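A short write-up of the structure that comes next.
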Amino acid sequence: MDIANLERLNAARRARKAVMLVTDLERGRDRVILEGGPVDGALGDAVAAAFRSGKSATCEIDGGRYFLNVHLPPAHIVIIGAVHISQVLAQMAALAGFDVRIIDPRTAFATPERFAGTDLTADWPIDVLKDRPLDAYTAVVAVTHDPKIDDFPIAEALRTSCFYIGALGSRKTHGSRLDRLKKEGFSDGELARIKGPIGLDIGASSPAEIAVAVLGQIIQALRSRDITSPKGDKA
Numbered sequence: 001m002d003i004a005n006l007e008r009l010n011a012a013r014r015a016r017k018a019v020m021l022v023t024d025l026e027r028g029r030d031r032v033i034l035e036g037g038p039v040d041g042a043l044g045d046a047v048a049a050a051f052r053s054g055k056s057a058t059c060e061i062d063g064g065r066y067f068l069n070v071h072l073p074p075a076h077i078v079i080i081g082a083v084h085i086s087q088v089l090a091q092m093a094a095l096a097g098f099d100v101r102i103i104d105p106r107t108a109f110a111t112p113e114r115f116a117g118t119d120l121t122a123d124w125p126i127d128v129l130k131d132r133p134l135d136a137y138t139a140v141v142a143v144t145h146d147p148k149i150d151d152f153p154i155a156e157a158l159r160t161s162c163f164y165i166g167a168l169g170s171r172k173t174h175g176s177r178l179d180r181l182k183k184e185g186f187s188d189g190e191l192a193r194i195k196g197p198i199g200l201d202i203g204a205s206s207p208a209e210i211a212v213a214v215l216g217q218i219i220q221a222l223r224s225r226d227i228t229s230p231k232g233d234k235a
């Protein structure tokens, strides 16, 4: 492997960027590609599919053989609100391989006893996210029903292109939320990225069922995300 390519690969991984090492197995040459970077033809289709699945693979393109070695940043789920749904969602998401953290300034809810083994911070999101910012490989789930707690992380998720943004609440509640965010300068296209009411439409009613619906929607968003636009400088 070319040492310069190794340095570019490691730099991208440290920056939490999705990156791939494409090796031409016939010629022994390799190339570093960032997710969204330009790759033409059938190889570009194979690269896009590998980025979406997160699985490394060998492929044959136009008589040549390539190994696509994919490195995706660990996907995070940031849950705003230490409620009953959060208790179940945190456990399910961890089993599905996500890194989970919960933020809620309400110390009566955000207790270690209710969230044993979970990354839990009892503070305001505006303060927490300064030190631990969101990024494109983060899903934000806002479930407090309190605009003073939910609105800032939702707006921050829009600004940082989080791959999933969902907010609990009725259609009326969501409409009011959109009105507030419009006043902050977000366009209708940007606001359309927010899933509200949250979760896949499976008729969920209990906290556990809602957690299933939300996690399914997060996985769907992760695996079907748009990777046609570059998400950073070319490697």
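Residue numbers 1 to 235, in full-length UniProt numbering, belong to the letters of the sequence shown in order.
Here a beta-carbon is modelled for each residue, glycine too, at the ideal position from N, C-alpha and C.
Values in this document were obtained by computation on a predicted structure and should not be read as measured data.
In terms of Cβ geometry, His76 and Ala139 form a close pair [threshold 8 Å]. Thr173: member of the alpha helix (DSSP H) spanning Arg171 to Lys183, first to last residue. The beta-carbon separation of Asp24 and Tyr66, rounded to 6 Å, stays under the 8 Å limit for a contact. Your pair Ala213 and Gly196 does not check out as a contact, with CB atoms roughly 13 Å apart and the cut at 8 Å. When secondary structure is reduced to three states using DSSP, Lys130 falls in the helix class. By the 16-neighbour rule on beta-carbons within 10 angstroms, Lys17 is buried. Contact between the stretch 117 to 130 and the stretch 179 to 195 is absent: fewer than 3 CB-CB pairs across the two stretches fall below 8 Å.
Non-local beta-carbon contacts of Ala96 in its own chain, meaning distances under 8 Å to residues more than five positions away in sequence, involve Leu215 and Ile219 in chain order.
Rounded to the nearest angstrom, the Cβ distance from Ser86 to Ile102 is 6 Å, consistent with a contact under 8 Å. For a cut-off of 8 Å, the C-beta gap from Leu181 to Ala155 is around 6 Å, short enough to register as a contact.
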